[in-house]
Amino acid sequence: MLRSARGSSPDLGDSQQQAVVVLVTVAAAAVAQAAAIPRWISYWTSRGDDGRRLRQAKLIGRRMVLL
C-alpha cells in the first residue's frame, strides 16, 4: 500500500530532495558563519589594535551578513 502511494506521486520525492538540498545549504552557511565568529571576535578584542585589524574585522562582519 505504501509502495503504490509513493509510486503514484513522484513529485513528493522531488520536493523532498529539494528540501534536503536547501537544508544542507543552510547548514553549510551556518557552519561557515560560526567558524568565522571566533576570528571576528579575536580581531575586535586584540590588544594594540592599529586600525588595520579593525578594518579586517569589519570586512569579516560583512561577509557574515552576506552568508
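Every position in the sequence shown, counted from 1, becomes a number in our numbering once 1296 is added. Idealized CB from N, CA, C, for every residue including glycine. Owing to the predicted nature of the structure, the values given are computational and were not obtained by experimental measurement.
*Alpha-carbon to alpha-carbon, Q1329 and V1318*: Locating residue 1318 in the sequence shown gives position 22, where the first residue counts as 1. Locating residue 1329 in the sequence shown gives position 33, where the first residue counts as 1. So the alpha carbons of these two residues sit roughly 16 Å apart.
*What's the gap between the Cα of V1320 and the Cα of R1351?*
What you label residue 1320 is simply residue 24 of the sequence shown in a count that begins at 1. What you label residue 1351 is simply residue 55 of the sequence shown in a count that begins at 1. Rounded to the nearest angstrom, the two C-alpha atoms are 31 Å apart.
*So what's L1298 in DSSP terms, helix, strand or just coil?*
The sequence position of residue 1298 within the sequence shown is 2, counting from 1. In this prediction, L1298 has a pLDDT of 48, which is less than 50 and means its spatial position is unreliable; what the coordinates show is noted afterwards. Helix at L1298.
*How should A1323 be labelled, buried or exposed, when 16 other C-beta atoms within 10 angstroms of its C-beta is the threshold for buried?*
Here the question's residue 1323 lines up with position 27 in the sequence shown. Its Cβ having fewer than 16 others within 10 Å, A1323 is exposed.
*Cβ neighbour criterion (16 or more within 10 Å) applied to A1325*: For the purposes of this step, residue 1325 is taken as residue 29 along the sequence shown, with counting starting at 1. Answer is exposed; the Cβ neighbour count stays below 16.
*With burial defined as no fewer than 16 other Cβ atoms inside 10 Å of the residue's Cβ, what is the status of A1331: buried or exposed?*
To locate residue 1331, count along the sequence shown from 1; it is residue 35. So A1331 ends up on the exposed side.
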